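If you read the protein sequences in the order shown, they are chains B and P. Residues 1 to 566 in this note's numbering are what the first sequence spells out, letter by letter. Residues 567 to 727 in this note's numbering are what the second sequence spells out, letter by letter. Ideal Cβ placement from N, Cα and C applies to all residues, glycine included. Everything numeric in this text was worked out from a predicted model, so none of it was measured. Comments concern the structure below.
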Amino acid sequence: MSLRTKERQAKTAGDEAGLRRGWRRWERAYREEIKQTGTQPVEATSTSGRPIKPLYTPLDLKNFDFFRDLGFPGEYPFTRGIHPTMYRGRLWTMRQFSGFGTAEDTNRRFKYLLAQGQTGLSVAFHLPTLMGIDSDHPMAKGEIGKCGVAVDSLADMEILFDGIPLDKITTSMTINPPAAVLWAMYIAVAEKQGVSPRVISGTIQNDILKEYIAQKTFVFPPRPSMKLVVDTFEFGAKEVPRWNTISISGYHIREAGATAVQELAFTLRDGIEYVEWALERGLHIDDFAPRLSFFFNAHNDFFEEIAKFRAARKIWAEVMRERFGAKKERSWWLRFHTQTSGVSLMAQQPYNNVVRVAIQALAAVLGGTQSLHTNSLDETYALPSEHAVTIALRTQQIIAYESGVTNTIDPLGGSYYVEKLTQELEQEAKSYIKKIDELGGMVRAIELGFPQKEIADSAYRYQQAVERKEKIIVGVNAFEMEHEPIPILVVDPAVARHQLRRLREVKRTRNKLRVKSTLADLKRAARDEVNLMPFILDCVRAYATVGEIMDALKEVYGVYEEPCTY
Amino acid sequence: MAEKKKKAEPEKPASSTARAPWPAAGQPRLRVLIAKPGLDGHDRGAKVICRALRDAGMEVIYTGLRRTPEEIVNAAIQEDVDLIGLSILSGAHNVLFPRIMKLLAKSGAADIPVIAGGIIPEKDIPRLKKIGLAEIFLPGTSTQEIIQWIREHVPLRKKKR
C-alpha cells in the first residue's frame, strides 16, 4: 500500500513538471494566435457567471482521487450514478408534466402520452388546486383549468385516472401545500380500483421550503407546514412504502434566478432540513430516507449542469452517511427527476426552443437522471399543444435510442473539465450549506429572507448581463428576425362552467353530515398535533373538497404572508 | 385603507403629444406600481422590473403576490402612481385585466396608464389594447426597452405630494 502510494506520488510529481512545461508552451501559442487573429481574449463565464478556463488538464485535478471522488457506478459516493447498470439496465422514466382543463381533458392527454410511449404520469394541477382553494372561490375566477387540471374533490380524481391501472403506472403529482390532500385522493382512487396502498408508486412534490424560497405557492406558515410534511413521511413509511413522499426541488429555485450552485446548495440544505425535522419527530433515518427524492433543473450551460448533477449525488451521499449516520445504502442515494429549463425558452423564433430543450435534456441524461420532462417549444405562450408535447417526448426518445449516449455509464467521468467543475460546485455548495447551518437552518434562513435575496440578486445580475450582451440569447439580443405566430393550445371557456357544475353536483349529492364530522375530526387532530393523514383520508373519502380541507387547517395553522420586498 | 383621494381635474390619458418633460434632478420622481394579479407565484420578472425601474430613478411600489383587481386599483389610487405595471403568468389575464380597467374607470383613475407583461399570447394583445392597456411586453423584452417606453409615453402627473 505504502509502496503503491509512493509510486503514484512519484509518477504524479514527475508528470507535473512535464505538464507545467506543456501548459506554458500551449499558453504561449494560445495567446500568440489570439493576438494574430486580432480577437480580444474573451473572459468566458458559464450561464451562472462562473469563470471558465480555455483548457483543463491534470494540473486542475491535483487533489483528485479516483475512489474518493468518483468510484464505480452504484458505489459510494455515487458520483457516476446510483445504479451499477444505469441506462444499460433501464432507461430513465419519460414523464411529461401535463394537465389542463377538466379531468376528462387531462385523462385523454394522459392516455395519448402513454400510447406514444411515455412511461410514467405527471400531473399538473390548476392554480386554485395548487393554492388549496376550490373552483368556486372568488380568487379562482379566470384560473379554472388554465395552468393545469381542475381538481376539487375525489370525484375529479376518479375521472382523471379513469381507465389507468394504478398498480401498473407510477404517477408524480406537483402539489405542495395541499400535497397530503391530493395524495389521500390518489390513495382513495386506488382503493376504488381495488389496488392496495402498499402497491401504488409515485411521488408527491410536497416540498414546502422551496415554495417560500422560490415558487411561492404557500398557504400555511413554515413551521406547521413542516409538521404536515413529516406526517406524510411517517404515514408513507408505514402504509404506502413504495411512494416517494417528497421531491426536494431545485427546479423552481433555479427558475426564479438562482445560479447552478445556489440551486444545488439550497435544494440539498432543504433536504437536510426535512431530515432534521423527521428525526426530531422520532422517525428512524433508514425508514424514511430511501423515499426522499429530488428534482433538478437542466439549464443551458451543458457541462456545468452535468457537473451539478454529479456533485449533487456526491454531496448527498456524504451528508446521509456522515452527517446523519444512515446505514442503508438506499438512504445514501440521491434519486432525481429533471425538467429542462422553462425560463431558457424564448417567445422569439419559438422553434429554436426544440434545440435548447434537446441540449438541456442531453445534459440531464449525461448527468444520470432517473426521470425526465422535456419542455415543449410553445411554453412561453401557453400550455403545450399535443403537437408540441409530442416533439418534446420524441426528443427524449431520440436521445435514448439514436444518440448512443446510453451505451456507457457516466461517459464524461474523468474529463478534466467536468471533474474540475464537479469539485468546484461541490465545494461552493458546501460553503453555502455551512452558511445556512450557521443561520440556524433553512426555516430560519427563509424567515430571514436569505435565500430569497440571494436568488433575486442573481436574477437581476443575469438580466443585466443579457442586456449588456455579455450573454447572448439567440433571437432575442442577437440574430433577431420576425417570426410567424405558432398555433397554441386554448383552454375552452366552457371548462370553467363544467367544473363549477360538477362541484355543485358533488356538494349536493354527498353525505353532508359525514363531511361535517370528518372535517371537525381533522381540525381536532390538527390541534392535538397527531398525524393528520388518516383524518385527511377520511375527509377525502367523504368527498370533502380541497378547499374545505385546507380551510379547516387554516383555522388551526393560520396563513403565511410574504413581505413585499424586491 | 379608507383614505379618500381627491382626484381634482381628471387629466388627459397618456399620449405622446401631451406630456410633461421627464423629471429633471430635484423634481418629483415617477411613481410606478408593479402589481401581480392572478394566482401564480412567478415573481422573478416582476422583481427584476422593480429593480430596473428603481435603478432608472423611479419610485417603485410592489404589491406582492396574488392581488385582486380591487386591491391593485386601491393601491394605485392610494399611492397616487403615474403608471401601473401588471405581471401575470397564469393565463387569467383575459378575465382579470378587463376587471382592473373597469375598476380604474369607475374610480376616476382611467388616466393612469397600464402596461403588462408575462405569458400573454400574441393574439390576445389587440383585445387587451382595445380595453385600454397602453402596451404589452412579451418575454425577451429588455428592461431598457421598458424604461425607454415609459420615458416616451408616461407624463409625470401634476400633483402635490
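Check	Outcome
With 16 other Cβ atoms within 10 Å as the buried cut-off, status of residue 587 of chain P	Below a pLDDT of 50, predicted positions are generally treated as unreliable, and residue 587 of chain P, at 43, falls in that range; the measurement from the model is reported next regardless. Exposed, because fewer than 16 other Cβ atoms sit within 10 Å of the Cβ of residue 587 of chain P.
Residue-chain proximity (residue 625 of chain P, chain B), Cβ-Cβ < 9 Å	no
Alpha helix (DSSP H) runs wholly inside the stretch 363 to 420 of chain B, at least 4 long, in chain order	386 to 401
Below-9 Å beta-carbon distance, residue 143 of chain B vs any chain P residue	yes
Cβ of residue 262 of chain B within 9 Å of any chain P Cβ	no
Rounded separation between residue 328 of chain B and residue 56 of chain B - CA only	37 Å
9 Å Cβ cutoff, residue 688 of chain P in contact with chain B	yes
Residues that residue 566 of chain B contacts on chain P, provided the C-beta gap is smaller than 7 Å	613, 616, 617 and 628
Chain B contacts from the stretch 657 to 679 of chain P (Cβ-Cβ distance under 9 Å)	657, 658, 659, 660, 661, 662 and 665
9 Å Cβ cutoff, residue 597 of chain P in contact with chain B	no
Rounded straight-line distance, which links the Cα of residue 69 of chain B to that of residue 661 of chain P	55 Å
Residue-chain proximity (residue 606 of chain P, chain B), Cβ-Cβ < 9 Å	yes
Any chain P beta carbon closer than 9 Å to residue 557 of chain B	no
Chain P within 9 Å of residue 491 of chain B, Cβ atoms only	yes
Bridge-paired residues (DSSP) for residue 244 of chain B	B/203
Residues, ordered as in the chain, of the stretch 199 to 228 of chain B that lie near chain P by beta-carbon distance below 7 Å	215, 216 and 217
Within-9 Å CB hit, residue 460 of chain B to chain P	yes
Cβ-Cβ distance between residue 647 of chain P and residue 699 of chain P below 9 Å	no
Buried/exposed call for residue 398 of chain B, threshold 16 Cβ in 10 Å	exposed
Alpha carbon of residue 177 of chain B to alpha carbon of residue 80 of chain B, nearest angstrom	34 Å
Min CB distance residue 714 of chain P to chain B below 9 Å	no
Test: residue 355 of chain B CB closer than 9 Å to a CB of chain P	no
Residue 173 of chain B, enclosing beta strand (DSSP E) - first and last residue	171 to 174
Cross-strand partners of residue 625 of chain P (DSSP beta bridge)	P/597
Residue-level contact to chain B via CB, residue 651 of chain P, 9 Å cutoff	no
Contact with chain B by residue 722 of chain P, beta-carbon distance below 9 Å	no
Neighbouring residues, chain P, relative to residue 380 of chain B (Cβ below 7 Å)	685 and 705
Same chain, Cβ closer than 7 Å to residue 439 of chain B, neighbours up to 5 away in sequence not counted	445, 448 and 450
Contact list for residue 631 of chain P against chain B, beta-carbon separation under 8 Å	216 and 562
Endpoints, alpha helix (DSSP H) assigned at residue 686 of chain P	Looking at the DSSP string, residue 686 of chain P is not in any alpha helix (DSSP H), and its letter there is neither H nor E.
Buried or exposed by the 16-neighbour rule on C-beta atoms within 10 Å, applied to residue 472 of chain B	exposed
Residue 139 of chain B versus residue 604 of chain P: straight-line alpha-carbon distance, rounded	8 Å
Integer Cβ distance of residue 123 of chain B from residue 99 of chain B, believed to fall under 8 Å	5 Å
Residue-level contact to chain B via CB, residue 600 of chain P, 9 Å cutoff	yes
Amino acids of chain B, ordered along the chain, whose beta-carbon sits closer than 7 Å to that of residue 609 of chain P	216
Top-ranked residue by Cα proximity to residue 185 of chain B, from B/30, B/548, B/552 and B/537	B/537
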